[in-house]
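Colleague: First the structure, which I've put down as structure tokens, then a few questions once you've had a look.
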Amino acid sequence: MNTNTPENPPATPAAAQAPASVNTPEAPAAVSPQTQAALASAAHAPNSPGATHIRSFVHRRGHITQGQQAALERLMDQWSIPYAPRRLDPAAAFGREAPTVLEIGFGMGETTEKIALARPGDNFLGVEVFNAGVGSLLRRIEDSNIQNLRIVQHDAVEVVRDMIAPDSLAGVHVYFPDPWPKKRHHKRRLLQPAFVSLLASRIAPGGYIHCATDWEDYAVQMLEVLSNEPLLANTEDGYAPRPDYRPPTKFETRGLRLGHGVWDLIFKRVA
Ligand SMILES: C[S@@+](CC[C@H](N)C(=O)[O-])C[C@H]1O[C@@H](n2cnc3c(N)ncnc32)[C@H](O)[C@@H]1O
Numbered sequence: 011m012n013t014n015t016p017e018n019p020p021a022t023p024a025a026a027q028a029p030a031s032v033n034t035p036e037a038p039a040a041v042s043p044q045t046q047a048a049l050a051s052a053a054h055a056p057n058s059p060g061a062t063h064i065r066s067f068v069h070r071r072g073h074i075t076q077g078q079q080a081a082l083e084r085l086m087d088q089w090s091i092p093y094a095p096r097r098l099d100p101a102a103a104f105g106r107e108a109p110t111v112l113e114i115g116f117g118m119g120e121t122t123e124k125i126a127l128a129r130p131g132d133n134f135l136g137v138e139v140f141n142a143g144v145g146s147l148l149r150r151i152e153d154s155n156i157q158n159l160r161i162v163q164h165d166a167v168e169v170v171r172d173m174i175a176p177d178s179l180a181g182v183h184v185y186f187p188d189p190w191p192k193k194r195h196h197k198r199r200l201l202q203p204a205f206v207s208l209l210a211s212r213i214a215p216g217g218y219i220h221c222a223t224d225w226e227d228y229a230v231q232m233l234e235v236l237s238n239e240p241l242l243a244n245t246e247d248g249y250a251p252r253p254d255y256r257p258p259t260k261f262e263t264r265g266l267r268l269g270h271g272v273w274d275l276i277f278k279r280v281a
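Counting in this note's numbering, the sequence shown runs without a single skipped number right up to 281 at its last residue.
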């Protein structure tokens, strides 16, 4: 999670900020070109050629622990898939055929780790831009010996558009996306009609999209946008109870402490 961003974005757009090759003062020594490329793209998320969308995140140098940085350097090649503007073959990426669930914006990865461990029969593809979060989840993968999880460190909009085949996902998880609470920043919210429509097209008929937020007006927006997408049907009459497979997240716990509610939404892809 960007501790810096959604509530106080910088005056300059992300692309205009000072480029950084990595998110720490010293560049890592002796990492492979692939890791170096992944670290570099993570640090400033360069626009892909032809990118026209408004980013749902803003990068700034943030704190990263030594352990997270070390995990990035050591484990990135093993568990991450570099972004590329071509379709991903999940069977090759995971080394098996299994239902694939995409998670967008896993933050520090606590929930991702728990769900991947609880559902060993599913493949999980976690997408996150934040260096410390990716380092954190890489450590969890190693510490918990998780085999069914891969990471793409890139803008999820481009990952979904370019790497995910139509009608292919068993599920999509979007838990506590950055709320961008100021009205003038609502355009940065991830769950807008165009992106939801793209996401819905990537879910297999019968698959699901599960979103959660602790911001009431974002919940209202999500319900409206998901309900208006013709490829999706609500599994509930309005909001859903939190299903057992989703443990409470750090953001949720914080939100509850601040007196926010929590809203889950679960929609199915229609045929
Ligand atoms: C508020 S945090 C929530 C993290 C986690 N899901 C949780 O519940 O604790 C939102 C996360 O989404 C990530 N994010 C925002 N826009 C993204 C995008 N377009 N692609 C990938 N990650 C994104 C941010 O970096 C941040 O870590």
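Don't be surprised by glycine CBs; every beta carbon is placed ideally from N, CA and C.
State the Cα-Cα distance for the pair ASP192 and GLU107, rounded to the nearest angstrom.
Modeller: The sequence shown places Lys at residue 192, rather than the Asp named in the question. Going by the C-alpha atoms only, they are around 43 Å apart.
Colleague: When the Cα of ILE219 is compared with those of PHE116, LYS278, LEU241, ARG97, which residue comes out closest?
Modeller: LYS278
Colleague: Just to confirm, is the Cβ distance from VAL235 to LEU208 under 9 Å?
Modeller: The answer is no: Cβ separation not under 9 Å.
Colleague: Is the Cβ-Cβ distance between ALA229 and GLY271 less than 9 Å?
Modeller: yes
Colleague: Count the other CB atoms, across all protein chains shown, that sit within 10 Å of the CB of LEU135; report buried if there are 16 or more and exposed otherwise.
Modeller: With a 10 Å radius around the Cβ and a threshold of 16 neighbouring Cβ atoms, LEU135 comes out buried.
Colleague: What residues are listed by DSSP as bridge partners for HIS183?
Modeller: GLU113, HIS220
Colleague: Note the first and the last residue of the continuous alpha helix (DSSP H) segment covering ALA204.
Modeller: 203–212 is the extent of the alpha helix (DSSP H) around ALA204.
Colleague: Which class does ALA55 belong to by DSSP, given the choice of helix, strand or coil?
Modeller: Residue placement at ALA55 is flagged as unreliable, the pLDDT there being 42, under the threshold of 50; the coordinate-derived value follows with that caveat. Here ALA55 sits in coil by DSSP.
Colleague: In this structure, how does DSSP classify ARG84 when only helix, strand and coil are distinguished?
Modeller: helix
Colleague: With H, G and I counted as helix, E and B as strand and the rest as coil, what does DSSP make of TRP190?
Modeller: coil
Colleague: Are LEU147 and THR122 closer than 9 Å when you measure CB to CB?
Modeller: At the C-beta level, LEU147 and THR122 come within 9 Å of one another.
Colleague: Using only CA atoms, which one of ALA103, ARG267, PHE140, LEU179 lies nearest to ALA214?
Modeller: LEU179
Colleague: First and last residue of the alpha helix (DSSP H) that includes LEU148?
Modeller: 141–153
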